[in-house]
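Sequences listed follow chains A and B, in order. Residue numbers for the first sequence, in the numbering used here: 3 to 327. Residue numbers for the second sequence, in the numbering used here: 18 to 351. The structure appears below as C-alpha cells.
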Amino acid sequence: MEKIFQKLSLSSATLVFVLLIGIFITLYSAAKPAIDEFGLHFIINPDWNKEIVVETPSLRADTVANDAEDDAIADEDDMILDEDDDEMLLDDEDDTVTKTIYGGLVPIVGTLLTTIIALTFALPIAMGIAVFLAEIAPKNISYVVGIAIELLAAIPSIIFGMWGLYYFAPIVADLVGGYQVSLLTAGLVLGVMILPFMAAITRDSMNTTPAVLKESAYALGATKFEVIKDIIFPYSKVGIIGSIILALGRALGETMAVAFLIGSIFVLPKAINDPTISIPVAMANNFGEASGLGESALFYLALILFIISFAVISLAKFYFLKKAK
Amino acid sequence: MTKVIKIALASSVLVAGLSANDVIKGSGASFPYSVYQKWIKAYNKETGIKIDYIKKGSSKGIKDAKARAVDFAGTDKPLSPKVLKKSGLYQFPGVVGAITMGYNLPGIDNLKFSRAAIVAIADGSVKYWDNPIIADANKGMKLPHKKLTFVHRADGSGTTYNFTYYLSKVSKKWRKTYGAKKSLSWPGDHHIGGKTNSGVAALLKQTPYSVGYIDYADAKNNDIAMATVENKAGNYIKPELKNFQAAAAKAALNPAKDFYAVIADPKGADSYPMVAATFILVPSEKPEMDKKVTAFYDWAYKNGQDIAKSLGFVPLPESLTNKIRKYWEEKGIR
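As C-alpha cells, then:
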C-alpha cells in the first residue's frame with residue numbers, strides 16, 4: 003500500500019511535467035512553418051494577416067499557381083467569380099504574386115498591457131480587502147464578505163464578458179470617453195476577475211501571522227497601521243507574492259471575457275481607451291477559420307504566450323520568493 | 018472484473034453503433050445555424066428522424082466533409098466544381114440570408130447608403146458622419162459632425178466573407194487590396210470588433226455614431242436601425258423580406274456548375290444587394306445517406322418557409338428548388 007501510494011503520487015507529479023513538455027513540443031512543431039517564415043521578426047512586426055505583393059518572374063508565379071492547385075486548402079482562399087460578370091474577372095493575378103505576412107507585436111503588447119492594467123487595478127484593492135478581512139472587520143462580517151469574494155472567484159469568465167460588454171463598458175466609455183470596448187475596459191474587468199484570488203490567498207496568509215507577534219507589537223505601543231505595515235505584511239509576503247503569481251497566470255491567459263471587451267482589432271493602441279487585441283483573443287477568434295500559414299502563425303503566438311507566462315511566473319517565483327526568504 | 022468491463026465495452030459499442038445509425042450528422046457554417054436548428058426540430062417532430070448540426074464555421078465544415086467525418090456539411094463559401102469533383106462531394110444551396118448595414122445615429126432614421134459610401138465606411142476613409150460621400154445620398158438630413166465608428170466581426174465568419182465579397186464586387190480597389198475573406202485585419206483606425214453577431218449587435222446598440230454590417234435576423238431582434246442601400250441598378254432598397262426574395266430570384270445559381278456562385282449584388286431593379294446563399298455538401302459515395310439528407314432539405318424547402326421568414330432568412334424561390342431537385346435526381350441522391 004505504502005509503495006502504491008508513493009508510485010501514484012510520483013506519477014501524478016511526473017504527469018504534469020510530461021504534459022508541459024508535450025504541450026511545448028506540440029506548439030513548437032505546429033508553429034515551425036511560421037517560425038521558419040518570419041523568424042524573430044514576428045515579435046516586432048505589427049502587421050497581422052497583411053497581403054503584400056511579391057515581385058516575381060513569371061516562372062516562379064507559375065509554380066506558385068500549380069502549388070495552389072494541388073493544395074485543396076489554398077483553393078479555399080481563391081475568390082469565386084461570376085463568369086457572366088466581366089468586370090469581376092481577376093485581371094491582375096497573372097503578373098503579381100501576393101504573400102500574406104503575419105506579425106505578433108499587437109497581440110503581444112495587448113496581452114502585456116491588459117495584464118498590467120488588471121494588476122495595477124486589482125493589487126491595491128485586493129490588499130485592502132485582505133487587510134480588512136484579516137485584521138479590521140469583526141468576525142461575522144469578515145465571514146460574510148469572505149464568502150462573497152470566494153463566490154466572485156467561481157463566476158465563469160463568459161459572465162464577466164457579458165456583464166462587461168452590456169453594463170460595464172458603457173460606464174467606462176461615459177467616464178473616460180472613447181470606445182466602449184478597449185484596453186482599459188478589458189483590463190479593468192480582468193482586474194475584477196483576478197481580485198478574488200489575490201484577496202482570498204492574501205487574507206489566508208495574513209491569518210497565519212502568529213498572534214504572539216502581533217500582541218508583542220501592540221504591547222510595545224504600535225498602532226494598528228504599524229502592526230499591519232511592519233508585522234503582518236512582512237510575515238505574509240510569500241503568500242502575497244504567491245497570490246500575485248496565480249493572478250498573473252490567469253490574467254495572461256484569460257480569453258472569453260477579454261474577447262468581448264478588447265475590441266479585437268490588430269492595431270497598436272495609442273491611448274489607454276483604444277481597442278486592440280491580446281494573444282488568447284487572437285487565437286480564439288481566428289482559430290476556427292485558420293488554415294496553412296495563418297494557423298501556424300497562431301501557434302507561434304501560442305508558443306510566445308507560453309514562453310511569456312513561463313518566464314514571468316518563474317521570474318517572479320525565483321526572484322521574489324528567494325528575496326522574501 | 019474483466020467480465021464486467023467486457024460487457025460494458027460491448028454494450029457501449031452497441032449503443033454507439035445504434036446512435037450512429039439513427040442520427041444524421043452535420044457540421045459547418047454558423048450563419049444559417051438558427052434556421053437549420055428550427056427546421057431540424059420541426060422535421061424531427063413530424064418524421065421522428067434525428068439530425069445533429071453542429072456549428073463549427075464554414076472552413077471546419079468543409080474539412081469535415083472532405084474527411085468524411087459527417088454526413089453533410091454546411092458552408093457559406095461554395096466550392097468550385099473542380100474541388101468538389103476531387104473530393105467527391107455534391108453541393109446545393111440550403112437557404113438565403115441577408116446582411117444589413119446597422120447604425121446607431123441618435124435622432125436620425127431612414128439613413129441611405131450609396132455603394133461608394135459602404136466601401137468608404139469599410140475601408141476607413143470616412144472619418145465623420147457629415148462626409149459628402151454619406152451626405153449626398155441623404156439630402157435634407159442634417160448629419161452630425163461626429164466621429165464614425167465602424168463595427169465589424171472580430172471572429173472569422175461567413176457574414177464577413179459575404180460582406181467582403183459584396184465589397185469586392187462593388188469596388189475594384191477593395192478586391193485588389195483586401196478581397197473576400199472570413200476574417201481580415203480591417204483598415205483604418207476608428208473601428209472595433211465584436212465577437213459573434215450578438216457581440217456586434219451589442220456594440221452597435223451601445224456605441225452612438227456607429228455603423229456596422231450584421232445579419233438581418235440579429236439586427237431585427239435587437240431593434241437596430243438598418244440603412245436603405247443602393248443596389249446594382251442604382252435604386253435605394255430597404256432591407257425587407259420581399260426585397261431579399263427579389264434578389265434571391267435573380268441569383269445565378271446554376272446546377273451545371275454545382276450551384277457554384279456567390280449571389281451578392283444581383284441584378285434587378287428591386288433586388289436588395291447584400292444577400293448571401295449558404296450551401297450544403299454531401300459525399301458522393303454514400304447515396305443512401307445522402308437521400309436522407311436531401312429528403313430533409315426537400316421538406317425544408319416545402320414546409321420550412323415560415324420558419325425561415327420568421328428568423329429573417331429567405332426561403333429559396335420555387336424555380337430554384339425545382340432545379341435543386343433535378344440536380345439530386347441526376348446525381349442519384351434523391
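Ideal Cβ placement from N, Cα and C applies to all residues, glycine included. If you're wondering where the values come from, they're calculated on a predicted model, not measured in any experiment.
Against chain B, the CB of A:Y321 has no partner CB under 9 Å away; the residue lies outside that interface. For B:V292, the three-state secondary structure derived from DSSP is strand. Pairing A:I279 with B:F48, the inter-Cα distance amounts to about 24 Å. Taken through DSSP and simplified to helix, strand or coil, B:Q223 comes out as helix. One Cα belongs to A:F268, the other to B:W203, and the distance between them is close to 8 Å.
Using a Cβ-Cβ cut-off of 7 Å, B:H208 is close to I267 of chain A, given in chain order. For B:A218, the closest C-alpha among the options B:L160, B:N238, B:A263 and B:W146 is that of B:N238. Judged by DSSP secondary structure, B:G211 falls within the beta strand (DSSP E) whose first and last residues are H208 to G211.
Membership of A:G251 in the alpha helix (DSSP H) is indicated by the continuous run K239 to G255. The three-state secondary structure of A:I310, taken from DSSP, is helix. In the three-state reduction of the DSSP assignment, B:H169 falls in the strand class.
In the three-state reduction of the DSSP assignment, B:D39 falls in the helix class. Using a Cβ-Cβ cut-off of 7 Å, A:F262 is close to K212 and G216 of chain B, given in chain order. In this structure, the beta-carbon distance from A:I246 to A:G189 does not fall below 9 Å. Remark: C-beta atoms of A:G112 and A:I46 do not approach each other more closely than 9 Å.
In this chain, the alpha helix (DSSP H) harbouring B:D81 covers S75 to K83.
By the rule that beta-carbons nearer than 9 Å mark a contact, A:D49 touches chain B. B:A46 carries a coil assignment under DSSP once its states are collapsed to helix, strand and coil. In the DSSP assignment, the residues bridged to B:D232 are B:I116. Unbroken alpha helix (DSSP H) runs of no fewer than 4 residues, entirely contained in the segment 134-186 of chain A, are found at 141-156, 159-165 and 171-178, following chain order.
Check the Cα spacing between A:A150 and each of A:K34, A:L295, A:L197 and A:E53: the tightest is with A:L197. When the five nearest sequence neighbours on each side are left out, the beta carbons in the same chain lying within less than 6 Å of the beta carbon of A:V260 are those of A188, S280 and V283, in order along the chain. Burial check for B:D275: the Cβ neighbour count within 10 Å reaches 16 or more, so the residue is buried. Taking a 10 Å sphere around the C-beta of B:S76, we find 16 or more other C-beta atoms and assign the residue as buried. The beta-carbon of A:G24 is placed no less than 9 Å from the nearest beta-carbon of chain B.
The beta carbon of B:A294 lies closer than 6 Å to those of P110, V113 and I280 in the same chain, with the five residues before and after it left out.
For A:Y237, the closest C-alpha among the options A:G255, A:A292 and A:P212 is that of A:P212. Taking a cut-off of 8 Å on C-beta distances, the segment 49-69 of chain B touches the segment 325-333 of chain B, as three or more cross pairs fall below it. In this structure, the alpha-carbon of A:A171 lies about 20 Å from that of B:K163. According to the DSSP secondary-structure assignment, B:A90 is paired through a beta bridge with B:S44 and B:L298. Boundaries of the beta strand (DSSP E) around B:V246: T245 to E247. Look at A:Y168: its C-beta is under 9 Å from a C-beta on chain B. Going by DSSP, B:K72 is part of no alpha helix (DSSP H) but of the beta strand (DSSP E) stretching over K67 to K72. Residues of the segment 171-203 of chain A with a C-beta atom less than 9 Å from some C-beta of chain B are A171, P172, A175, Y181, Q182, V183 and S184, listed in chain order. Taking 9 Å as the threshold, the shortest C-beta distance from A:E291 to chain B falls below it.
Between B:I57 and B:I68, the beta carbon gap of about 5 Å places them in contact (Cβ cut-off 8 Å).
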